[in-house]
Structure formats: C-alpha cells, structure tokens
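Under UniProt numbering, the first residue of the sequence shown carries the number 1, and numbering increases by one thereafter.
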Amino acid sequence: MTTRQAALSLYRRSLKLALDWAVHRHLWRGQALYIRSLFEANKKVTDPRQQRALLAETEKLLESWKHPDPYVPPTAPGGEIPALKLFESEKTLAFLDIGPLSKGHALVIPKYHGAKLADIPDDQLSEILPTLKKLVTATGATDYNILQNNGTIAHQQVHHVHFHMIPKPNETEGLGISWPATSGDMEKLKALCEDIKAKM
Numbered sequence: 001m002t003t004r005q006a007a008l009s010l011y012r013r014s015l016k017l018a019l020d021w022a023v024h025r026h027l028w029r030g031q032a033l034y035i036r037s038l039f040e041a042n043k044k045v046t047d048p049r050q051q052r053a054l055l056a057e058t059e060k061l062l063e064s065w066k067h068p069d070p071y072v073p074p075t076a077p078g079g080e081i082p083a084l085k086l087f088e089s090e091k092t093l094a095f096l097d098i099g100p101l102s103k104g105h106a107l108v109i110p111k112y113h114g115a116k117l118a119d120i121p122d123d124q125l126s127e128i129l130p131t132l133k134k135l136v137t138a139t140g141a142t143d144y145n146i147l148q149n150n151g152t153i154a155h156q157q158v159h160h161v162h163f164h165m166i167p168k169p170n171e172t173e174g175l176g177i178s179w180p181a182t183s184g185d186m187e188k189l190k191a192l193c194e195d196i197k198a199k200m
C-alpha cells in the first residue's frame, strides 16, 4: 500500500468513526477537526519516513477515540428495531419518538442507510410520504409539522435519514419554530431560480 493509499484509508476510517459517534456528534467534532488539521498541516510532507510517522501517530489517535458503544442505524446488520414500532415494510420503518414533543410524535425512516436525504435513492423514498400521511390520519392530528433535518448545523443529531411527524395540538406543545424571514431581492431571486432550474 502506498502512503497516499494509506492516508486515504485512514481518512475513510475517520469518517466511519464519525458515524459511530453519530448520536453524540458534538463530542466527535473536536477530534474530527484535529484530524483535518493534521492532514492540512502535513499535506506537503514528501519524506517517506516522516509520512509513515505521521500516519502512525494518527492511527494511535483513531484507536484512542473509538466509541465504546458505536451507533448502529436501526436497519443496519446488528441494529435494533425500535420497540415502539408502528409500521414496517421492505423499505420503510415508522415508530413513536421516545422523547416526544407532543402526543403522537412519530418517526419514519428509510431502511436504506444514508446520513442525508440526497444519499437515499429515489426508489427507497417512495413510501415515506404515504406513511407519514397514514400517521397523520391514525393520530387524528389536524395541525402538525413534518420535519427532516440534514447536517449538524441544521440540527441533525442522528445521522440516518429520518422524518418527524409532530402533532401541534396547541401553542405550547409540538414543534416551536423561529422563522427569520428577510425581504428578497427580486432580481437576485430570479437569477437564483434560473440557476437551480438548470441543475435539476
């Protein structure tokens, strides 16, 4: 294995380790940034001995940062199907949230594992909205939010795609939303519209 291949392998394993920490992603952030800084600071190192020493150092860091109880997506081999299961098919799983924002707060997930929505093939998403609709009917919710977060900044804590169905029975229960809307520049919006359309 060349030094470049070894570095790529190490980088991929660091990403896998990030998934192991998915439920406590914020705890992994410092380590992930440090590993990235090592790659950046030493990317011009060409001496083979120094490269091997750096790789060995980072290997030790990864070993010391292994999660004692790695996160396993519920639909992955060895994963646990939630006890409060509401619905299951070949592609989809629905279950009650164990930390509900309101009565009937439920989750729908694709069984295909992916951290973000764009990681999931279209055919594996085909049952998501119909299942959410069934949950709305079954819970009797008349006002509700459908929520799906992608990425840490967007408040995603569990890094397996999941959709929340959160009933909003009154002002205090359910999802609270802040919506800092701004006045859009129409010309810029038109240009943005054309740019996005061209890429769809």
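Where is the CB? At the ideal position from N, CA and C, for every residue including glycine.
I'd like to know whether the C-beta atoms of residue i and residue j end up nearer to each other than 7 Å.
i	j	result
Ile146	Met165	yes
Val108	Leu132	yes
Gly104	Thr139	yes
Leu117	Asn150	yes
Ile120	Val158	no
Leu62	Ala6	no
Going by alpha carbons, who is nearest to residue i out of the options?
i	options	result
Leu135	Leu93, Pro48, Ala115, Val161	Leu93
Tyr144	Lys60, Val161, Lys168, Phe95	Lys168
Phe87	Lys111, Asp119, Val158	Lys111
Glu171	Lys91, Ser9, Phe39, Ser102	Ser102
Glu173	Glu187, Gly99, Glu90	Gly99
Thr152	Glu127, Leu175, Ala115	Ala115
Phe95	Phe163, Glu194, Ala41, Thr182	Phe163
Would you report the Cα separation of residue i and residue j, rounded to the nearest angstrom?
i	j	result
Lys60	Glu187	53 Å
Met200	Arg49	48 Å
Thr58	Gly184	47 Å
His113	Leu129	18 Å
Leu190	Pro180	A small fix is needed here, since residue 190 is Lys in this sequence, not Leu. C-alpha separation (whole angstroms): 21 Å.
residue 281	Thr2	The structure shown does not extend to residue 281, since the chain spans only 1 to 200, so no value can be given for it.
His197	Ser64	Reading the sequence as shown, one finds Lys at residue 197 and not His. Cα to Cα, the separation comes out at about 47 Å.
Leu38	Asp47	16 Å
His155	Leu175	13 Å
Gln51	Lys43	9 Å
Leu125	Asp97	20 Å
Glu40	Asp123	38 Å
Arg36	Val45	15 Å
Ile195	Thr182	The amino acid at residue 195 is misidentified as Ile; the sequence shows Asp. Using only the alpha carbons, I get a separation of about 21 Å.
Within 10 angstroms of its Cβ, does residue i collect 16 or more other Cβ (buried), or is it exposed?
i	result
Leu192	exposed
Ala141	buried
Ala106	buried
Glu90	exposed
Glu127	buried
Quickly, what does DSSP pair residue i with across the bridge? List them, please.
i	result
Pro110	Thr92
Ile166	Asn145
Phe87	Ala94
Taking 6 Å as the cut-off, is the CB of residue i close to at least one heavy atom of the ligand NAD?
i	result
Thr139	The ligand NAD is not among the ligands present in this structure, which contains no ligands whatsoever.
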